[in-house]
Amino acid sequence: MNSVQVYVCTTCRTADEPLEPRDQRAGARLFVALTTHAGSSFEIIAVECLSVCKKPCTVSFAAPGKWTYVYGDLPADTSAHTLLAGAELYAASVDGLIPWKLRPDALKKGVVARVPPLQVSDTSLQG
Ligand code: FES
Numbered sequence: 027m028n029s030v031q032v033y034v035c036t037t038c039r040t041a042d043e044p045l046e047p048r049d050q051r052a053g054a055r056l057f058v059a060l061t062t063h064a065g066s067s068f069e070i071i072a073v074e075c076l077s078v079c080k081k082p083c084t085v086s087f088a089a090p091g092k093w094t095y096v097y098g099d100l101p102a103d104t105s106a107h108t109l110l111a112g113a114e115l116y117a118a119s120v121d122g123l124i125p126w127k128l129r130p131d132a133l134k135k136g137v138v139a140r141v142p143p144l145q146v147s148d149t150s151l152q153g
């Protein structure tokens, strides 16, 4: 299993999209695009809501020992390659911090939050 996990909110939808069918929502389409293009490079994980609902689509990068990033405002049908390029940079970083100059524009504009790595004192829980 790849240590970088890319979480994709599959329930994100744009203001003009209907509630149903759920598998046609923007987030669901982005999830399909990412899984299609990522191959085995990253673990692409579908989640329902990252609490950034007003900025569809939303995605998060996470890995053991690294900062977690949350991004929003990602167009469903054109963001897969940009996100995978960003995930490559994230994977290559020691701590998850992607240098600003290297970061794709969509990830500069779309960053919502960064969360420090989990501090685990119980060594049996460390990855
Ligand atoms: S519905 Fe996607 S972040 Fe809430």
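Okay, so the sequence shown: first residue is 27 according to our numbering, each after it adds one.
Glycine is no exception: its CB is placed at the ideal position from the N, C-alpha and C atoms.
Bear in mind that the values here come from a model prediction, so they are computed numbers and not experimental data.
query = Opposite A88 in the DSSP bridges: which residues?
reply = Q31
query = In angstroms, rounded to a whole number, what distance separates the CA positions of A59 and D103?
reply = 8 Å
message = Would L109 and L100 qualify as a contact pair, given that the criterion is a beta-carbon distance under 8 Å?
response = yes
task = Count the CB pairs spanning the segment 109-124 and the segment 46-55 that are closer than 8 Å, and state whether there are at least three.
result = no
message = Excluding the 5 residues flanking S29 on each side, which residues of the same chain have their C-beta closer than 7 Å to its C-beta?
response = A89 and P90
ask   = Would DSSP call R140 helix, strand or coil?
value = strand
message = Going by DSSP in three states, V96 sits in which element: helix, strand or coil?
response = strand
ask   = Any chance the CB of S86 is under 7 Å from a heavy atom of ligand 1?
value = no
ask   = Would E69 pass as a contact of Q31 if the rule is Cβ separation under 8 Å?
value = yes
message = With a threshold of 7 Å (Cβ to nearest heavy atom), would S77 be considered close to ligand 1?
response = yes
Whole-number beta carbon distance between V96 and V34, since they are thought to touch under 8 Å = Rounded, the Cβ-Cβ distance is 11 Å, inconsistent with contact.
inquiry  = Taking 7 Å as the cut-off, is the C-beta of G53 nearer than that to any heavy atom in ligand 1?
reply    = yes
ask   = Quick one, are the C-beta atoms of L128 and L115 less than 8 Å apart?
value = yes
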